[in-house]
Structure formats: C-alpha cells, structure tokens
Amino acid sequence: MRLPTPVLLALLTLAVAVLFGLGTWQVQRHQWKQRLVKERDALLSAPPLEAPDVLQRAPSEVAWRRVHLTGTWDHPRSMVLANRARSGVKGEELVTPLVPDGGGDAILVNRGWYPETEGDRVRAALDSEGSADILGLAFETSGRTARRTTQGTWTDLAPASMSASAGVTFRDWAVLQGEPVEDGLPAAGRVLPVQGYRPFVNTTPHLQYALTWYGIGAALLGVAVARFVVAPRRAKRDATAKAE
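In our numbering, each residue's number is its place in the sequence shown (first place is 1) plus 11.
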C-alpha cells in the first residue's frame, strides 16, 4: 500500500525535523558540558575550604571544592567498597568517618584504592592513624543509595544508607582524600593506598552524535528532494522528449 503524497511528505518533514532537533540538542549538551568543565576547573583551582567554614556550608556549596579537614578517625566504623578494579586489577576502597575538630556529624572520607591482595596490610596501616589532617575533593551525595553485601562490604559510598547501618548520622557530602592524579596503578615503590581524584572531563562525544543526527537528516532530506523534485522533473522531461 502506497501512502498518499501529502501524507508521505508530512512524515518525511517530521522525521527530518526530529533528526535535526536531536542534532541541535547534542550541540547544546556539548556546550553545557564544556561550561561545566570550566566551572569545576575554576572551583578546583580555588584555595581549599577550611574548617569551621566548610562545616557550616550546604552540600551544594562544597561540591567540587578542595577541602582541608582536621579531626579524629572513627576506625571502628570504617567500611570497604568492594569490586573497584583499576587497570584490570581487582581492588577495594576504604571509607572511614572523620569526626571534625569543629564538632558535628562525621564526614565520610574515601581514603583510597588498594589491590584486594593488599587489603589487610593497607587497612592496618590506616587504622594506626589516630588524628586526621587531610586535603581532598568534596562531593555531594544527596540521593545516593548503597547496600551492604553478605560479605560485609558496600556497593557505593552513600552516607544515608551507611548512616542507617552504622547507627550514627553522617554529613550529606563526602571527601576523596588526596590531590588530582592520573588513573591507574601506583608506580613501583609508591605507597598504598592510591589516593586522589581526577578532574572533571567531558567524555561524551556529543559533537559526533550531533553530526550523526544531522547526517541522517540531510540524507533523508536528499532522498525526499530526489523523490519529489528531481524524479518528477526527469519524468516530465522524458515525456516531452518522447512526444517530440
């Protein structure tokens, strides 16, 4: 069954409009991500937030800011994030509450990554530290959830879920201890755990997606022109030539 020409034209017009719209949306997403990269780079380049100021701020005001915290480690409430692979090596990350000198709820601190085979040694070394004086990257955890596995490890760093299990309240933001680092395994002789964080980068190829949508739309538009403009003109020209 062939669709009437007006209906087919309407469907083609709608399809082309949708495809070009998707391409424009991807361009806008790219521009938004680039602005976000600049904003977070600016936050990271700012001086670290210090206590007690940082302890009085809302989670959104400390997100993607470097922070300097002092206090005491609450080692008995440390938790392990399992299945954290790096460069093909299965590992873990240790999360320990930091009770700030300024008082108030403890802050969950991701103390770094280590190979699973080094777990006992690394955790014992970290547990030997009593006082805390750290630099790190703060991040908001609102809305995050995690679960405790049957092995006693955790699937993610989520203060709300962990608070319920620990029986105490943690702040609704957490910290990645360390400074900016490249992802991967530690170099030979480097002390474990591997601490730090990677600056925010835009890894989604929005412009490539945009070109794909624009390309499909342009191809469909070309098919429409060939079908409804070029083909009728050619048929008319051939008919005129035969009549002569």
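Positions of the beta carbon are idealized from the N, C-alpha and C atoms, including for glycine.
Note that the structure is predicted; figures quoted are calculated from it, not measured.
- [ ] Take T83 and list the residues in its own chain whose beta-carbon comes closer than 7 Å to its own, dropping the five residues that flank it on each side.
- [x] V110, G141, S142, A143, listed in sequence order.
Task: Which listed residue (V192, Q188, G233) has its alpha carbon closest to that of H79 - done: Nearest option by C-alpha distance: Q188.
Task: Buried versus exposed call for A199 [16 or more other C-beta atoms within 10 Å across all chains shown] - done: With a pLDDT of 49 at A199, under the threshold of 50, the predicted position of this residue should be treated as unreliable, though the coordinate-derived value follows. Around the Cβ of A199, a 10 Å sphere holds fewer than 16 other Cβ atoms; the residue is exposed.
- [ ] Select from L146, Q37, P87, E72 the residue whose C-alpha is nearest the C-alpha of A177.
- [x] Checked all of L146, Q37, P87, E72; the closest Cα to A177 is P87.
Task: Secondary structure, beta strand (DSSP E): runs of 3+ residues fully inside the segment 89-127 - done: Counting only runs of at least 3 residues, the segment 89-127 fully encloses the following beta strand (DSSP E) elements, listed from N- to C-terminal order: 90-92, 102-111, 117-126.
Task: Three or more C-beta pairs below 8 Å linking the segment 199-216 and the segment 232-240 - done: No, the segment 199-216 does not touch the segment 232-240.
Task: Pairwise C-alpha distance: N121 and R134 - done: So the alpha carbons of these two residues sit roughly 12 Å apart.
Task: Neighbour-count burial assignment, V205, 16 or more Cβ in a 10 Å radius - done: Burial call: buried.
Open item on the list: Given this structure, state the Cα-to-Cα distance separating L146 from D64, to the nearest angstrom.
Closed with: Distance from the CA of L146 to the CA of D64, rounded to the nearest whole angstrom, comes to 15 Å.
Task: Beta-bridge partners of T81, as assigned by DSSP - done: Its beta-bridge partners are D144.
TODO: Along the alpha helix (DSSP H) that carries Q42, what are the first and last residues, could you check?
DONE: For Q42, the enclosing alpha helix (DSSP H) begins and ends at 16-56.
- [ ] May I have the straight-line CA-CA distance separating F150 from T81, to the nearest angstrom?
- [x] Taking the CA atoms as reference points, F150 sits about 17 Å from T81.
Task: Integer-rounded CB distance, given that T160 should sit under 8 Å from T152 - done: Going by Cβ atoms, the distance from T152 to T160 rounds to 19 Å, so no, they are not a contact pair.
- [ ] Return yes when the Cβ of A117 is within less than 8 Å of the Cβ of F181, no when it is not.
- [x] Using a Cβ distance threshold of 8 Å, F181 and A117 count as a contacting pair.
Task: Separation of E103 from W124, as counted between CA atoms - done: Per the coordinates, the alpha-carbon of W124 lies some 6 Å from the alpha-carbon of E103.
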